[in-house]
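Novice: Oh and the sequence shown: position 16 is 16 in full-length UniProt numbering, straight run, nothing missing.
For every residue, glycine included, the Cβ atom is placed at its ideal position computed from N, Cα and C.
On a predicted model such as this, the values are computed, not experimentally measured, just so you know.
Let me begin by handing over the structure; questions about it come next.
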Amino acid sequence: MSSGIRSVTIDCHDTYVLAGFWAEVYGCSRRPDDLPGDPEAMLLPSGGPMTLFVQVPEGKTVKNRMHVCLEPADRDRDAEVERLLALGATQVDDQRRPDGTGWVVLADPEGNEFCVERSAAERAATA
1 MSSGIRSVTI
11 DCHDTYVLAG
21 FWAEVYGCSR
31 RPDDLPGDPE
41 AMLLPSGGPM
51 TLFVQVPEGK
61 TVKNRMHVCL
71 EPADRDRDAE
81 VERLLALGAT
91 QVDDQRRPDG
101 TGWVVLADPE
111 GNEFCVERSA
121 AERAATA
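Okay, structure coming up:
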């Protein structure tokens, strides 16, 4: 027997706002029945597991032990980083190397870290 990923769950204060941020990241829509003030919100991004946002009273205090790594589908890594920063992400760390490899660590509006890696085209060009 084995298991598959049903959802990635993100604890947060404002499920509606954070789901809106991630909907823009993933290029999908919030569910129509998710409303401001709801204790949960859900996204169903194409090609990925469901992302569930659950309201919790406490804020994030330490580095995530698990995080999402994004691979841009229709642009390079650097363009995707710029897009996400414009959406409200903040840059936490920059692990890009002179040879084009590496990644960038960002945080969503509630401080949850995630990485942006190279696109498949970028990886193929340096293989």
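Could you give the first and the last residue of the continuous alpha helix (DSSP H) run that contains L43?
Specialist: From DSSP, L43 is part of no alpha helix (DSSP H) but of the beta strand (DSSP E) over 40 to 43.
Novice: Among R97, T61, K60, V62, which has the Cα closest to the Cα of R77?
Specialist: Measuring from the Cα of R77, the nearest candidate turns out to be R97.
Novice: Could you check if C12 is buried or exposed, using at least 16 other CB atoms within 10 Å of its CB as the buried criterion?
Specialist: Classification of C12: buried, given that the 10 Å Cβ count is 16 or more.
Novice: For D108, tell me which candidate among G4, P45, V25 has the shortest Cα-Cα distance.
Specialist: With distances taken between Cα atoms, D108 lies closest to V25.
Novice: Measure the beta-carbon distance from A41 to T9 and round it to whole angstroms, keeping in mind my assumption that it falls under 8 Å.
Specialist: Not quite, the Cβ-Cβ distance comes to about 11 Å (not below 8 Å), so this is no contact.
Novice: Taking the alpha carbon of R6 as the point to measure from, which residue in L52, E71, D33, F21 has its own alpha carbon closest?
Specialist: Ranking L52, E71, D33, F21 by Cα distance to R6 puts L52 first.
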